[in-house]
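Visitor: With the UniProt record's numbering as the guide, the letters of the sequence shown map in order to residues 1 to 424.
Following this message is one structure expressed as C-alpha cells.
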Amino acid sequence: MDYLKILGRQNIGGSVSIGGAKNSALPVLASALLYEDFLEIGNLPDVADVKTLVRLLEYLGCGVEWKNEHQIKISAQRLVHTKATYDIVRKMRASILVLGPLLSRFRKCEVSLPGGCAIGARPVDLHIKAMEKMGAEILIENGYIVAKAPQGLRGAHISFDKITVTGTENVLMAAALAKGETKITNAAKEPEVVQLCRLLEQSGIKIDGIGTDTLVVYGNGGEPLKNAQVDIIPDRIEAGTYMCIGAIMNTPLCIENVIPEHLQSISDKLEEIGFTINTRDNILEILPAKKMQAFEIITTEYPGFPTDMQAQFMALATQCDGTSVIEERLFENRFMHVSELQRLGAHISLKGKVAQVKGGENLRGADVMATDLRASSALILAALVADGYTQIHRIYHLDRGYEKIQEKLSKIGVKVERLKEWGR
Ligand code: EPZ
1 MDYLKILGRQ NIGGSVSIGG AKNSALPVLA SALLYEDFLE IGNLPDVADV
51 KTLVRLLEYL GCGVEWKNEH QIKISAQRLV HTKATYDIVR KMRASILVLG
101 PLLSRFRKCE VSLPGGCAIG ARPVDLHIKA MEKMGAEILI ENGYIVAKAP
151 QGLRGAHISF DKITVTGTEN VLMAAALAKG ETKITNAAKE PEVVQLCRLL
201 EQSGIKIDGI GTDTLVVYGN GGEPLKNAQV DIIPDRIEAG TYMCIGAIMN
251 TPLCIENVIP EHLQSISDKL EEIGFTINTR DNILEILPAK KMQAFEIITT
301 EYPGFPTDMQ AQFMALATQC DGTSVIEERL FENRFMHVSE LQRLGAHISL
351 KGKVAQVKGG ENLRGADVMA TDLRASSALI LAALVADGYT QIHRIYHLDR
401 GYEKIQEKLS KIGVKVERLK EWGR
C-alpha cells in the first residue's frame with residue numbers, strides 16, 4: 001500500500017493537461033458489448049476503474065487489444081459466458097453497466113449486486129425495475145441479479161423516480177437493441193450520458209431529446225451494432241479538481257484539454273468566491289482572488305453543482321473568509337472527508353446533510369486517510385496549504401480516478417512523494 005507525502009505552502013503554477021473522463025469511459029466500455037465486430041475507444045484515462053472494467057469484459061470473453069495506454073479495441077463477437085462475478089463487481093459498482101447491454105444483446109446475464117460503498121448504500125433498484133419494464137425476468141439469488149429476456153427486450157416508458165446517471169446509461173444501452181421505442185423521463189443529462197447517446201446515434205440508433213431529461217430511443221430489434229470509433233470527452237471532475245488547486249493556492253493555473261461548458265457550475269462558484277476564470281477554446285485559466293469569500297453549495301444533478309466536487313470545495317472553504325455552507329443532496333454519507341480535514345485543523349460542523357466550514361484557519365500537516373475517490377483529492381488540496389508535511393494513506397482510492405496525479409502535481413511545483421507504507 002502506498003501513501004503520498006506532501007510538503008505544504010510551496011509555490012505552484014504553470015499548466016496541467018486533463019485526461020479522458022472516467023465516468024464516460026465506463027459506460028462507453030460497457031457499450032462495446034453491443035457491437036458485432038469491434039468498438040475502438042481513444043483518450044481513455046489510465047486509471048484503475050477503467051482497468052477493472054476492461055478486466056470484466058475480458059472475463060466475459062471479449063477480445064481486447066490495447067493500442068497504447070489510452071487507446072483500446074474491444075471485440076464482443078462472442079462471449080464465453082455472461083456472469084459478472086462478485087469479486088470484480090464489488091471492486092467497482094459501475095460494473096452494473098454491463099447489465100443493460102448483456103440483456104439486450106445476449107438476452108441473459110448474471111450480475112453481482114454491487115453492494116454499498118463509502119459514500120452510501122448505492123442501490124441499483126431503479127436499474128432492475130427498468131429492465132423488468134422492458135420485459136426482462138429478474139430474480140435476486142445469492143447476491144446476484146439473475147436476468148433473462150428470451151424474446152429480447154422491448155421498448156417501454158421508463159420514468160425514473162430519482163435521476164440516476166448509470167441507470168439512464170443502462171437503459172440507453174438496453175433500449176438500443178430492444179424492439180420498439182423506449183421513452184426515458186427524468187433521465188440524467190450529464191455530459192457523460194450525452195457522449196453515450198452520441199455514440200449510439202453514430203452507430204445507427206435514432207435518439208430524440210439528447211441532452212434533455214426526456215429521451216426517446218428507437219431500438220433496432222436486436223441487431224448488433226456495426227463497428228465504431230470514439231474518443232472519450234475530457235474529465236470535468238479532474239479539471240474541476242485542478243481548478244480548486246489553483247484556487248486554494250490562490251495562484252494562476254492553466255488547465256488544458258477541457259470543455260468549458262461542462263465546468264460552468266464550477267467556474268460560476270469559483271467566480272462567486274472571488275476568482276477570475278478565463279477560457280479560450282479548450283483551455284481554462286484561473287486567476288487569484290483579492291479576497292476569498294465564504295460560499296454556499298447544494299449538490300444537484302447536472303448542470304447543477306456536482307456532488308463529485310463537494311469534497312474539493314469543502315477543502316477550499318477552509319481558506320475562505322467567513323463560514324461556508326455545503327449541503328450534500330445526492331448521497332447519504334458523502335462527508336467521510338470531514339473528520340480527516342478536521343485532523344488537519346479544519347473547523348467543520350455537521351448537521352445531517354449540511355456541513356458548516358469556518359474559514360480563515362491555518363491548517364497543519366498530519367497523517368490522514370483517504371476514504372473514497374473524491375475525498376482523497378480534498379485531502380491533497382488541504383495538504384497544499386497546510387504547514388509542514390501531510391501523509392495521505394490508502395491512496396488506492398485516488399488511483400481509481402486520477403491519472404498520474406503525482407506526476408501532474410510535481411509538474412506544477414507541488415513537493416510530493418509516493419512512498420510505501422512501512423513493512424509493506
Ligand atoms: C454516477 O454514479 C457517477 N459514477 C458518480 O461518480 C456520481 O457521483 C453520481 O453518478 C452522481 O452524479 C459513474 O458515472 C460511474 P446515481 P451512479 O445512480 O450512477 C440513488 C465518482 O466519484 N439511486 O446517479 O451510481 C443513489 O443512491 C463517482 O466518479 C437509487 O436510489 O449514481 C443516489 O442517491 C462517485 N437507486 C442517487 O440515486 C438506483 O437504482 C444518484 O445516484 C440508482 C441510484
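Quick reminder that beta carbons are idealized off the backbone N, C-alpha and C, glycines included.
It should be emphasised that the depicted structure is a prediction, and the values quoted were computed from it without experimental measurement.
Can you round the beta-carbon distance between A386 and L363 to whole angstroms, since I take them to be within the 8 Å contact cut?
Guide: Between L363 and A386 the Cβ distance is about 4 Å, and since that is below 8 Å, they are a contact.
Visitor: Run through DSSP, which three-state label would I405 get?
Guide: It is helical.
Visitor: Going by CA-CA distance only, name the one from L33, L26 and K67 that's closest to V50.
Guide: Of the listed residues, the one whose Cα sits closest to V50 is L26.
Visitor: Figure out for me which residue from M309, V89 and K5 has the closest Cα to the Cα of T52.
Guide: Checking every option, the nearest Cα to that of T52 belongs to V89.
Visitor: Should G365 go down as buried or exposed, given a rule of 16 or more other Cβ atoms within 10 Å for buried?
Guide: With 16 or more Cβ atoms within 10 Å of its Cβ, G365 is classed as buried.
Visitor: Between I266, Q342, N282 and K133, which has its C-alpha nearest F305's C-alpha?
Guide: Nearest option by C-alpha distance: I266.
Visitor: Let's see if you can read the secondary structure: which residues bound the beta strand (DSSP E) around G42?
Guide: It spans L39 to G42 - the beta strand (DSSP E) in which G42 sits, taken as one unbroken run.
Visitor: Please state whether the Cβ-Cβ distance between I248 and L316 is less than 8 Å.
Guide: Yes, the pair counts as a contact, with Cβ atoms nearer than the cut-off.
Visitor: Please confirm if the segment 5 to 13 is in contact with the segment 408 to 418, defined as three or more CB-CB distances below 8 Å between the two stretches.
Guide: They touch, by the three-pair rule.
Visitor: Is the closest heavy atom of the ligand EPZ to the C-beta of G167 under 7 Å?
Guide: The answer is yes for G167.
Visitor: Going by CA-CA distance only, name the one from T323, V357 and L33 that's closest to M173.
Guide: Comparing Cα positions, the closest option is L33.
Visitor: Relative to the alpha-carbon of residue 474, which residue among V216, F275, K291 and E192 has its alpha-carbon at the smallest distance?
Guide: The structure shown does not extend to residue 474, since the chain spans only 1 to 424, so no value can be given for it.
Visitor: Just to confirm, are I74 and G63 a CB contact at a threshold of 8 Å?
Guide: Yes, Cβ-Cβ distance for I74 and G63 is below 8 Å.
Visitor: Here's the rule: buried if 16 or more other CB atoms are within 10 angstroms of the residue's CB, otherwise exposed. What is D161?
Guide: That one is exposed.
Visitor: Among the candidates E421, A383, A382 and K408, whose CA atom is the shortest distance from the CA of R394?
Guide: The residue with the shortest Cα to Cα distance from R394 is E421.
Visitor: Apart from the five residues just before and just after P191, which ones in its own chain have a Cβ nearer than 8 Å to its Cβ?
Guide: So the list reads A21, S24, I233, R236, I259, H262 and Y302, once near-sequence residues are dropped.
Visitor: Check this for me: beta carbons of R400 and V47, under 8 Å apart or not?
Guide: Going by C-beta atoms, R400 is nearer than 8 Å to V47.
Visitor: For D281, does the count of other Cβ atoms within 10 angstroms reach 16, so buried, or fall short, so exposed?
Guide: So D281 counts as exposed.
Visitor: Output yes or no for whether 8 Å exceeds the beta carbon distance between L31 and P101.
Guide: This sequence places Ser at residue 31; Leu is not what is there. Yes; because the gap between Cβ atoms is below 8 Å, this pair is in contact.
Visitor: Hey, out of E272, A375 and A383, whose CA is closest to Q310's CA?
Guide: Closest option to Q310, Cα to Cα, is A375.
Visitor: When you compare only the Cα positions, how much space is there between E327 and N250?
Guide: Going by the C-alpha atoms only, they are around 24 Å apart.
Visitor: If you check the beta carbons only, do R329 and I297 fall under 8 Å apart?
Guide: Result no, Cβ atoms of R329 and I297 do not sit closer than 8 Å.
Visitor: Identify, in the order they occur along the chain, each residue of the same chain with its Cβ nearer than 6 Å to the Cβ of V325, setting aside the five sequence neighbours on each side.
Guide: Within the same chain, V325 has close Cβ partners E296 and Q356.
Visitor: In angstroms, rounded to a whole number, what distance separates the CA positions of D125 and G222?
Guide: Distance between the alpha carbons of D125 and G222: 25 Å.
Visitor: With H, G and I counted as helix, E and B as strand and the rest as coil, what does DSSP make of E223?
Guide: In the structure shown, E223 sits in coil (DSSP, three-state: anything other than H, G, I, E or B).
Visitor: F331: beta carbon under 7 Å from a heavy atom of the ligand EPZ?
Guide: Flag set: Cβ of F331 near the ligand EPZ.
Visitor: When you compare only the Cα positions, how much space is there between E256 and R55?
Guide: Roughly 30 Å between the two C-alpha positions.
Visitor: Going by the CB atoms, is the gap between R198 and L210 shorter than 8 Å?
Guide: A quick correction: the sequence has Ile, not Leu, at residue 210. Cβ distance < 8 Å, so I210 and R198 count as in contact.
Visitor: Going by DSSP, what residue range makes up the beta strand (DSSP E) through Y218?
Guide: Residues T214 to Y218.
Visitor: Please classify P150: is it buried, with 16 or more other beta-carbons within 10 angstroms of its beta-carbon, or exposed?
Guide: With fewer than 16 Cβ atoms within 10 Å of its Cβ, P150 is classed as exposed.
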